[in-house]
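Participant:
There are 2 protein chains.
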Amino acid sequence: MAVMQREYGRRTLLRQIRHAGRIPRIELSDLTGISRATVTTITAELLSHGLIEEVQRDEAGPDSRRGRPRVDLKIRGAAHLVAGVKVSHHKLSLVLLDFEGEQLAAEECDLPAPVNAPEVLAEAIRDAVSHLATVAGRRADEVSGVGIGIAGIVEATDGFVHWSPSLSTRNVDFGALLTRTLGTPCFIDNDANLVAVAEQTFGLGREHKDFLVVTIESGVGLGMVIGGALYRGTRGCGAEFGHTKVQLNGALCRCGQRGCLEAYVADYALLREATLVSGLSAEGDAGTRVETLLNAARTGDATARSILDRAGQIFAMGLANLVNIFDPELIILAGEQMQLDHLYADAVIDAMRKSIVQVDKAPPEVVVHKWGDLMWARGAAAYALEQVSELALDRLDKDAA
Amino acid sequence: MAVMQREYGRRTLLRQIRHAGRIPRIELSDLTGISRATVTTITAELLSHGLIEEVQRDEAGPDSRRGRPRVDLKIRGAAHLVAGVKVSHHKLSLVLLDFEGEQLAAEECDLPAPVNAPEVLAEAIRDAVSHLATVAGRRADEVSGVGIGIAGIVEATDGFVHWSPSLSTRNVDFGALLTRTLGTPCFIDNDANLVAVAEQTFGLGREHKDFLVVTIESGVGLGMVIGGALYRGTRGCGAEFGHTKVQLNGALCRCGQRGCLEAYVADYALLREATLVSGLSAEGDAGTRVETLLNAARTGDATARSILDRAGQIFAMGLANLVNIFDPELIILAGEQMQLDHLYADAVIDAMRKSIVQVDKAPPEVVVHKWGDLMWARGAAAYALEQVSELALDRLDKDAA
DNA sequence: TCATTTTAATTTGAATGTCAAATTAAATAA
DNA sequence: TTATTTAATTTGACATTCAAATTAAAATGA
Numbered sequence: 000m001a002v003m004q005r006e007y008g009r010r011t012l013l014r015q016i017r018h019a020g021r022i023p024r025i026e027l028s029d030l031t032g033i034s035r036a037t038v039t040t041i042t043a044e045l046l047s048h049g050l051i052e053e054v055q056r057d058e059a060g061p062d063s064r065r066g067r068p069r070v071d072l073k074i075r076g077a078a079h080l081v082a083g084v085k086v087s088h089h090k091l092s093l094v095l096l097d098f099e100g101e102q103l104a105a106e107e108c109d110l111p112a113p114v115n116a117p118e119v120l121a122e123a124i125r126d127a128v129s130h131l132a133t134v135a136g137r138r139a140d141e142v143s144g145v146g147i148g149i150a151g152i153v154e155a156t157d158g159f160v161h162w163s164p165s166l167s168t169r170n171v172d173f174g175a176l177l178t179r180t181l182g183t184p185c186f187i188d189n190d191a192n193l194v195a196v197a198e199q200t201f202g203l204g205r206e207h208k209d210f211l212v213v214t215i216e217s218g219v220g221l222g223m224v225i226g227g228a229l230y231r232g233t234r235g236c237g238a239e240f241g242h243t244k245v246q247l248n249g250a251l252c253r254c255g256q257r258g259c260l261e262a263y264v265a266d267y268a269l270l271r272e273a274t275l276v277s278g279l280s281a282e283g284d285a286g287t288r289v290e291t292l293l294n295a296a297r298t299g300d301a302t303a304r305s306i307l308d309r310a311g312q313i314f315a316m317g318l319a320n321l322v323n324i325f326d327p328e329l330i331i332l333a334g335e336q337m338q339l340d341h342l343y344a345d346a347v348i349d350a351m352r353k354s355i356v357q358v359d360k361a362p363p364e365v366v367v368h369k370w371g372d373l374m375w376a377r378g379a380a381a382y383a384l385e386q387v388s389e390l391a392l393d394r395l396d397k398d399a400a
Numbered sequence: 000m001a002v003m004q005r006e007y008g009r010r011t012l013l014r015q016i017r018h019a020g021r022i023p024r025i026e027l028s029d030l031t032g033i034s035r036a037t038v039t040t041i042t043a044e045l046l047s048h049g050l051i052e053e054v055q056r057d058e059a060g061p062d063s064r065r066g067r068p069r070v071d072l073k074i075r076g077a078a079h080l081v082a083g084v085k086v087s088h089h090k091l092s093l094v095l096l097d098f099e100g101e102q103l104a105a106e107e108c109d110l111p112a113p114v115n116a117p118e119v120l121a122e123a124i125r126d127a128v129s130h131l132a133t134v135a136g137r138r139a140d141e142v143s144g145v146g147i148g149i150a151g152i153v154e155a156t157d158g159f160v161h162w163s164p165s166l167s168t169r170n171v172d173f174g175a176l177l178t179r180t181l182g183t184p185c186f187i188d189n190d191a192n193l194v195a196v197a198e199q200t201f202g203l204g205r206e207h208k209d210f211l212v213v214t215i216e217s218g219v220g221l222g223m224v225i226g227g228a229l230y231r232g233t234r235g236c237g238a239e240f241g242h243t244k245v246q247l248n249g250a251l252c253r254c255g256q257r258g259c260l261e262a263y264v265a266d267y268a269l270l271r272e273a274t275l276v277s278g279l280s281a282e283g284d285a286g287t288r289v290e291t292l293l294n295a296a297r298t299g300d301a302t303a304r305s306i307l308d309r310a311g312q313i314f315a316m317g318l319a320n321l322v323n324i325f326d327p328e329l330i331i332l333a334g335e336q337m338q339l340d341h342l343y344a345d346a347v348i349d350a351m352r353k354s355i356v357q358v359d360k361a362p363p364e365v366v367v368h369k370w371g372d373l374m375w376a377r378g379a380a381a382y383a384l385e386q387v388s389e390l391a392l393d394r395l396d397k398d399a400a
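The listed protein sequences correspond, in order, to chains U and G.
The first sequence maps to residues 0 to 400 in numbering that gives the first Met the number 0.
The second sequence maps to residues 0 to 400 in numbering that gives the first Met the number 0.
Okay, here's the thing in structure tokens:
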């Protein structure tokens with residue numbers, strides 16, 4: 000138990016240093032309540048193990064004071080290398096980060112098929128990570144951990160994939176398979192969860208303990224950070240925001256049920272209506288067809304406008320329900336597709352504001368954060384970073400004992 | 000920091016003892032990972048301060064083994080007295096518990112009006128608590144803390160009431176007012192939250208870390224326990240489940256918005272439809288009119304059945320949304336009114352099961368827990384118990400330092 | 001230029017705490 | 001009665017934290 004205390008101190012300080020970026024010991028002491036003496040002891044230990052490093056303060060200017068200058072500590076980038084992989088329909092998106100979170104390389108590569116056997120996908124990921132390392136002038140075996148984000152129902156704690164649209168088989172112990180195939184620890188989670196981790200680590204959620212991330216791709220996802228920790232639910236299928244019901248006996252959804260939010264706001268839902276009502280061609284790929292619909296709306300086509308407007312209203316209603324249930328500080332709308340601008344419209348956010356329970360306090364902040372597949376990959380990498388840190392600290396704990 | 004460790008141990012052990020009811024030291028050591036030596040030290044301290052006591056094991060029978068017998072520890076009921084108060088429309092419901100959670104007395108008393116000035120309500124609560132103590136053969140000043148559950152928007156951490164249907168004034172520092180008026184620490188929270196605390200302390204949630212409690216009175220409430228702790232949201236108005244939207248531009252709700260769940264399942268919503276469509280009298284009190292409606296449905300009145308069926312379907316949809324977002328282990332439906340049986344019907348639960356995302360694992364358990372206002376009061380008392388324990392431990396921490 | 005002042009970081013030594021191992025306590029079994 | 005078994009306590013070693021003292025490294029001022 001005495002040793003537990005030290006373990007706690009190590010974790011607290013390393014997390015604080017990571018969060019701050021650069022921070023002197025004295026501030027660490029103030030922020031964590033750990034005494035200066037102990038901060039000195041623990042940081043010395045972290046330094047000697049190469050997890051952190053000292054950097055000279057570049058306080059060239061007004062904030063230079065007298066007295067012994069503070070010496071900043073930061074995560075030592077060279078300590079570890081991690082990769083993040085986002086599995087999409089047709090491709091893999093990858094990033095390589097150093098231990099500090101600095102991006103060393105980024106790549107995309109095609110998959111043989113949208114749905115693959117677990118072994119095939121694992122090998123594709125292995126090769127892609129290997130290539131990624133080479134591009135950055137590193138060897139694949141230098142990578143300390145790989146985070147993988149995949150759509151579907153994932154038990155993150157043990158890396159078990161109950162189901163994924165990217166895999167041909169259900170109930171795969173995919174985390175273990177990946178770890179075996181790549182020869183380095185692999186950590187897998189639902190992709191929406193990883194966007195939440197990315198926002199918490201690198202993005203807009205850094206200063207918040209409770210926030211929600213709503214992701215919009217072809218489906219609608221949700222990641223929840225509650226009390227500073229990602230909440231994953233108990234069956235690994237929490238946060239199925241896209242399949243919350245917004246209409247009794249409503250529109251048919253991909254999932255087979257009726258009235259799902261997704262069945263009103265996803266691209267296929269828009270196209271279904273457009274094809275039915277207006278003369279929009281049923282041919283061509285989804286992306287260009289949605290583009291056509293959006294252009295029609297912009298140029299004043301009433302039918303197109305009506306279709307998009309309803310999608311926006313339904314989306315606002317879904318968001319309002321999240322606020323009514325969670326009362327979060329912040330909601331981040333994350334997605335890349337410009338074609339989803341109608342969901343980010345001010346009118347939508349306003350509609351949401353009008354549908355939440357009114358109190359004297361300000362409603363939660365809603366921000367739009369546009370990013371592409373590479374940012375999803377960064378989320379996966381952030382998760383790997385977290386896990387690799389934990390492994391490194393475990394090793395340190397053992398060394399000390 | 001060294002002392003922090005002991006503080007942690009004290010809290011962990013006291014909580015464990017409370018949770019277990021009766022438990023020998025050796026099991027405490029196994030369960031908490033704290034060594035036997037330390038368990039001995041800390042429990043000796045708790046014993047000497049009168050917070051716990053030893054009881055002889057009544058293992059009259061097969062489980063008697065050789066060796067020195069285990070000695071059970073339990074919370075010492077006589078250590079403290081707490082009261083719990085639930086504020087309803089026309090009355091107060093109160094319970095008096097000892098520190099062990101044993102009920103010593105219970106009462107109900109009328110309020111001067113459904114809506115009262117804060118001072119008036121505070122004095123009514125003071126008098127009621129005082130009377131309650133007298134009934135139990137105790138003095139009011141023996142009560143170490145009082146928990147109060149009230150409908151509305153409450154900032155539990157500082158006892159601030161933004162708004163409550165039971166108070167004539169908005170933005171009242173009601174917790175402080177109560178503490179001043181009663182002369183003993185008072186703790187106030189939203190009533191639905193306190194039902195969740197009651198379930199966690201005394202009820203069906205005792206073995207679960209993540210569960211939801213849906214309360215049905217005239218409105219619909221929600222309490223969330225996430226990671227073993229009550230989640231309250233950031234503006235003190237989390238969990239407004241009754242005002243989640245289930246229909247775009249739907250029925251008008253008491254809150255002024257449209258499409259709220261409450262506007263379909265609350266008693267006033269049922270009556271609105273019944274009065275409109277069938278010949279149900281608009282006269283009389285809500286309770287008896289709902290009773291009439293229910294009887295009509297039971298005797299085969301198609302209109303009445305249709306009204307209740309839709310309420311059930313909408314309610315199922317709301318529940319399914321909770322499951323889709325939270326993926327909890329357990330959902331407890333708590334309410335007393337028999338008139339709400341149609342919401343508890345198997346058909347409703349089945350409809351919910353069909354509307355959640357299907358995975359290989361079993362859907363969350365849904366249980367119905369019927370209880371009356373006194374159980375709400377027990378929730379308030381459980382909250383007081385938690386807070387009084389904390390105060391007692393704080394004192395112990397200081398004594399030791 | 002060099003002593004003084006100021007602030008940061010480290011070292012020191014006392015106090016606190018945890019825990020494994022040894023011991024004591026209290027029962028049953030032989 | 002004695003041996004055995006199991007629970008609880010005591011003991012002594014070791015780990016850890018922290019306040020206070022000390023050292024380090026800068027700016028300021030004479």
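Even glycine gets a Cβ: it sits at the ideal position worked out from N, Cα and C.
Counting C-beta neighbours from all protein chains within 10 Å, is the total for aspartate 345 of chain U 16 or more, i.e. buried, or is it exposed?
Facilitator: exposed
Participant: Where DSSP assigns a beta bridge to asparagine 189 of chain U, which residues make up the other side?
Facilitator: U:Ile149
Participant: Please report whether the beta-carbon of aspartate 10 of chain G lies at a distance below 9 Å from any beta-carbon of chain U.
Facilitator: Reading the sequence as shown, one finds arginine at residue 10 of chain G and not aspartate. No, arginine 10 of chain G lies away from the interface with chain U (no Cβ there is under 9 Å from its Cβ).
Participant: Please confirm if leucine 27 of chain U has its CB atom under 9 Å from at least one CB of chain G.
Facilitator: no
Participant: Would you list, in sequence order, the uninterrupted beta strand (DSSP E) runs of no fewer than 3 residues that lie entirely inside the region 150-187 of chain G?
Facilitator: 152-154 and 159-162
Participant: With H, G and I counted as helix, E and B as strand and the rest as coil, what does DSSP make of leucine 12 of chain U?
Facilitator: helix
Participant: Closest to valine 213 of chain U by C-alpha separation, out of U:Leu373, U:Gly334, U:Leu50 and U:Gly378, would be which residue?
Facilitator: U:Gly334
Participant: Taking 9 Å as the CB-CB limit, is glutamate 328 of chain U close to chain G?
Facilitator: Yes, glutamate 328 of chain U counts as interfacial toward chain G.
Participant: Going by DSSP, what residue range makes up the alpha helix (DSSP H) through phenylalanine 210 of chain G?
Facilitator: That residue, phenylalanine 210 of chain G, is in no alpha helix (DSSP H); its beta strand (DSSP E) goes 210-215.
Participant: Chain U partners of glycine 421 of chain G, CB-CB under 8 Å?
Facilitator: The question about residue 421 of chain G has no answer here: the residues shown for chain G are numbered 0 through 400.
Participant: Can you grab the Cα-Cα spacing for the pair methionine 0 of chain G / isoleucine 33 of chain U, in whole Å?
Facilitator: Below a pLDDT of 50, predicted positions are generally treated as unreliable, and methionine 0 of chain G, at 49, falls in that range; the measurement from the model is reported next regardless. Approximately 7 Å between the Cα atoms of the pair.
Participant: Do the region 181-188 of chain G and the region 142-153 of chain G make contact, defined as three or more Cβ pairs closer than 8 Å?
Facilitator: yes
Participant: Which one or two residues does DSSP pair with glycine 334 of chain U in a beta bridge?
Facilitator: U:Ile215 and U:Lys369
Participant: Got a sec: is the Cβ-Cβ distance from glutamate 239 of chain G to anything in chain U below 9 Å?
Facilitator: yes
Participant: Could you run through the region 308-333 of chain U and flag, in chain order, every residue whose CB is less than 7 Å away from some CB of chain G?
Facilitator: Gln312, Ile313, Met316, Ala319, Asn320, Asn323, Ile324, Phe325, Asp326, Pro327 and Glu328
Participant: Is lysine 85 of chain G closer than 9 Å to valine 54 of chain G when the C-beta atoms are compared?
Facilitator: no
Participant: Starting from glycine 83 of chain U, follow the beta strand (DSSP E) in both directions and report where the run begins and ends.
Facilitator: 80-86
Participant: Got a sec, what are the start and stop residues for the alpha helix (DSSP H) valine 322 of chain G sits in?
Facilitator: 301-325
Participant: Just the chain G side, please: which residues come within less than 9 Å of serine 167 of chain U by C-beta, in chain order?
Facilitator: The premise fails here: serine 167 of chain U is roughly 16 Å from chain G at the closest Cβ pair, so nothing lies under 9 Å.
Participant: In whole angstroms, what is the alpha-carbon distance linking valine 289 of chain U and glutamate 106 of chain U?
Facilitator: Rounded to the nearest angstrom, the two C-alpha atoms are 27 Å apart.
Participant: Under 8 Å Cβ-Cβ, which residues of chain U neighbour threonine 178 of chain G?
Facilitator: The premise fails here: threonine 178 of chain G is roughly 23 Å from chain U at the closest Cβ pair, so nothing lies under 8 Å.
Participant: Looking only at DSSP bridge pairs, what is leucine 251 of chain U linked to?
Facilitator: The secondary-structure analysis by DSSP pairs leucine 251 of chain U across a beta bridge with U:Arg257.
Participant: Listed in chain order, which residues of the region 356-370 of chain U have Cβ atoms closer than 7 Å to some Cβ of chain G?
Facilitator: Val356, Val358, Asp359 and Lys360
Participant: If we ignore side chains and look at the alpha-carbon of each, how far apart do histidine 88 of chain G and proline 111 of chain G end up?
Facilitator: 10 Å
Participant: DSSP state of aspartate 57 of chain G, grouped into three classes?
Facilitator: coil
Participant: Looking at the secondary structure, which residues open and close the beta strand (DSSP E) in which glutamate 99 of chain G lies?
Facilitator: Unbroken run through glutamate 99 of chain G: none, as it is neither H nor E.
Participant: Which residue marks the beginning of the alpha helix (DSSP H) containing isoleucine 124 of chain G, and which one marks its end?
Facilitator: 117-134
Participant: Alanine 228 of chain U: which of U:His242, U:Leu193 and U:Val219 sits nearest, CA to CA?
Facilitator: U:Leu193
Participant: Which bits of chain U does histidine 409 of chain G rub up against, with CB to CB less than 7 Å?
Facilitator: Nothing can be reported for residue 409 of chain G, as the shown portion of chain G is limited to 0 through 400.
Participant: Strictly under 9 Å for the Cβ-Cβ distance: is arginine 253 of chain U near chain G by that measure?
Facilitator: no
Participant: List the endpoints of the continuous alpha helix (DSSP H) containing lysine 244 of chain U.
Facilitator: Careful: lysine 244 of chain U lies outside any alpha helix (DSSP H) and carries neither H nor E.
Participant: Given a cut-off of 9 Å on the beta-carbon distance, is the pair arginine 17 of chain U and serine 388 of chain U in contact?
Facilitator: yes
Participant: Got a sec, what are the start and stop residues for the beta strand (DSSP E) isoleucine 74 of chain U sits in?
Facilitator: 71-74
Participant: Applying the criterion that 16 or more other CB atoms from any shown protein chain within 10 Å of the CB defines a buried residue, is methionine 374 of chain G buried or exposed?
Facilitator: Residue environment: methionine 374 of chain G is assigned as buried (16 or more neighbouring CB atoms within 10 Å of its CB, all protein chains considered).
Participant: So for serine 28 of chain G, helix, strand or coil by DSSP?
Facilitator: Of the three classes helix, strand and coil, the one that applies to serine 28 of chain G here is helix, per DSSP.
Participant: Does the region 341-356 of chain G come close enough to the region 313-320 of chain G that 3 or more CB-CB pairs lie under 8 Å?
Facilitator: yes
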